Structure formats: structure tokens, C-alpha cells
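In what follows, a single structure is set out as C-alpha cells and then discussed.
Residue numbers (my numbering): 16 to 249.
As C-alpha cells, this is what we get:
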């Protein structure tokens with residue numbers, strides 16, 4: 016086994032249950048060789064549901080929300096693609112229109128790889144094949160965990176688990192507790208855990224009153240991780 020393959024197989028993909036997905040850009044080095052990233056402003060649509068496939072994307076910096084829309088306009092967030100994350104590959108692999116919508120949450124730089132080029136490298140470069148297979152498996156595991164959470168957990172549990180996942184992915188230890196180093200809103204949380212914004216806001220306020228959570232300058236800090244874990248397991 017080459018050193019490159021050892022690095023791929025030992026790569027830490029983070030919490031497999033977390034809907035925030037990222038990776039080391041180095042694992043995509045063959046795909047990205049000679050390519051320049053393109054900047055997309057916050058709120059821009061990268062592709063929409065039912066759009067024809069042509070490109071596979073990798074996040075250089077920023078964040079992209081991958082979501083699905085119901086015919087009545089209701090939106091469900093599936094996951095957040097963070098730096099190093101690949102998205103759009105399902106449509107290219109299946110040769111079907113996109114089943115999801117991809118929206119830049121913040122100003123985001125993306126690499127775009129033509130699907131035919133990606134397929135060629137998949138079949139000719141074992142490193143790319145291993146990376147993509149492990150990445151797709153990681154996303155499948157995350158979607159299974161989401162389905163289980165939505166089927167069996169109450170809103171309070173789902174929100175507690177989501178906050179713990181954010182701590183695991185973006186947490187920075189401070190004197191006050193574990194600071195989640197990205198900004199998000201109650202609307203973001205409600206879309207991920209499939210509850211109303213009002214319910215998400217009420218739960219967040221309850222966690223704040225209990226001293227479990229605080230917010231400062233748009234960032235949340237988990238002040239009592241043990242209590243949050245207990246709520247997630249109730």
C-alpha cells in the first residue's frame with residue numbers, strides 16, 4: 016500500500032453522525048491539480064433540484080447547504096458541506112438530474128470538476144476511488160443517523176444532539192465552556208432537525224435558562240456539556 020493510500024484510509028472524517036461534513040483538501044489533490052476555485056456569494060444557488068448534472072464540486076473555503084424541497088415549498092436541510100467536502104457527485108454517478116439543491120451559506124470558494132473527468136480519474140486512480148467511496152459511505156452513515164433521529168427522538172433531544180455534533184466539529188475550549196466557532200440561527204437548527212423555528216427557539220431559550228448554553232456576538236457556547244449529553248439521551 017502506498018503512503019498516499021494509507022493517508023486516505025486513515026483520514027479522520029469527523030463525527031459520522033454530524034450533518035456538518037468536511038475533509039482534508041489533500042485527499043482530492045489529483046482531482047484539483049491545475050484547477051482554480053471560483054467564488055460564489057452568500058445565498059447563491061450552485062445547482063437546484065432537477066437541474067441536469069455536469070459538474071462535481073469540492074469546497075475550498077466557506078459552507079454550502081445541501082437541501083431538498085417538497086412540492087409545497089417546504090425545505091429540509093440534509094447536510095452542510097464544509098471545506099474539503101464534495102457534493103453533486105450522486106447525480107453524476109447515477110447520470111440523473113440533481114435530487115437536491117446546493118446553496119452557499121456564506122461567501123464560498125468552490126472547485127468544479129467535470130463529471131466525465133471525475134469518472135475517468137475514479138477508474139484510473141485508486142486514490143480517488145478510495146477517497147470517493149469512503150466519502151459516500153460517510154454521507155450514507157450520516158443520513159441513516161438522521162433518519163433514526165427524526166424517527167425516534169423528541170425535538171429537544173434532536174437539538175441537543177445537533178449542538179453536541181457542532182461542538183465535536185467546531186468546538187473550541189474556552190474558560191466559559193465549548194464555544195461553537197461558526198454562526199448559525201434557530202432557523203438553521205429547525206431545518207436540520209425537522210421542527211418549527213418557534214420550537215427550536217423555545218428549546219434554545221430553555222437551554223440558556225438552564226445555564227447549558229449562552230450566546231455572545233453571534234456565537235453559541237455550550238457551558239455544561241454533561242447536561243446537554245444527558246438531555247440528548249433522555
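Heads up, the beta-carbon is just placed ideally off N, CA and C, and yes, glycines get one too. All values derive from a computational prediction rather than experimental measurement.
Relative to the alpha-carbon of residue i, which residue among the options has its alpha-carbon at the smallest distance?
{"i": "residue 203", "options": "186, 91, 63", "result": "91"}
{"i": "residue 147", "options": "104, 109, 113, 114", "result": "104"}
{"i": "residue 48", "options": "73, 66, 59, 65", "result": "73"}
{"i": "residue 89", "options": "210, 234, 249", "result": "210"}
{"i": "residue 194", "options": "116, 162, 228, 167", "result": "228"}
{"i": "residue 79", "options": "107, 236, 243, 123", "result": "123"}
{"i": "residue 114", "options": "153, 84, 133", "result": "84"}
{"i": "residue 196", "options": "86, 158, 237", "result": "237"}
What does the alpha-carbon distance come out to for the pair residue i and residue j?
{"i": "residue 185", "j": "residue 191", "result": "16 Å"}
{"i": "residue 69", "j": "residue 171", "result": "40 Å"}
{"i": "residue 34", "j": "residue 135", "result": "29 Å"}
{"i": "residue 165", "j": "residue 208", "result": "7 Å"}
{"i": "residue 201", "j": "residue 138", "result": "43 Å"}
{"i": "residue 173", "j": "residue 142", "result": "36 Å"}
{"i": "residue 128", "j": "residue 213", "result": "40 Å"}
{"i": "residue 131", "j": "residue 222", "result": "49 Å"}
{"i": "residue 121", "j": "residue 77", "result": "6 Å"}
{"i": "residue 241", "j": "residue 215", "result": "20 Å"}
{"i": "residue 106", "j": "residue 176", "result": "30 Å"}
{"i": "residue 189", "j": "residue 181", "result": "15 Å"}
{"i": "residue 39", "j": "residue 101", "result": "11 Å"}
Which of the three DSSP states, helix, strand or coil, is assigned to residue i?
{"i": "residue 36", "result": "strand"}
{"i": "residue 20", "result": "Its pLDDT being 39, under 50, residue 20 is placed unreliably in this model, and the value from its coordinates should be taken loosely. In the structure shown, residue 20 sits in a helix (DSSP, three-state: H, G or I)."}
{"i": "residue 42", "result": "helix"}
{"i": "residue 118", "result": "strand"}
{"i": "residue 57", "result": "coil"}
{"i": "residue 241", "result": "helix"}
{"i": "residue 173", "result": "helix"}
{"i": "residue 140", "result": "coil"}
{"i": "residue 188", "result": "strand"}
{"i": "residue 82", "result": "strand"}
{"i": "residue 96", "result": "strand"}
{"i": "residue 51", "result": "coil"}
{"i": "residue 222", "result": "helix"}
{"i": "residue 204", "result": "helix"}
{"i": "residue 249", "result": "coil"}
From the DSSP output, which residues share a beta bridge with residue i?
{"i": "residue 229", "result": "236"}
{"i": "residue 161", "result": "For residue 161, which the question treats as bridged, DSSP gives no partner whatsoever."}
{"i": "residue 67", "result": "Partner(s): none; residue 67 has no beta bridge."}
{"i": "residue 74", "result": "125"}
{"i": "residue 193", "result": "188, 237"}
Assuming residue i contacts residue j (C-beta within less than 8 Å), just tell me the rounded distance between them.
{"i": "residue 96", "j": "residue 36", "result": "6 Å"}
{"i": "residue 109", "j": "residue 52", "result": "26 Å between Cβ atoms; not a contact."}
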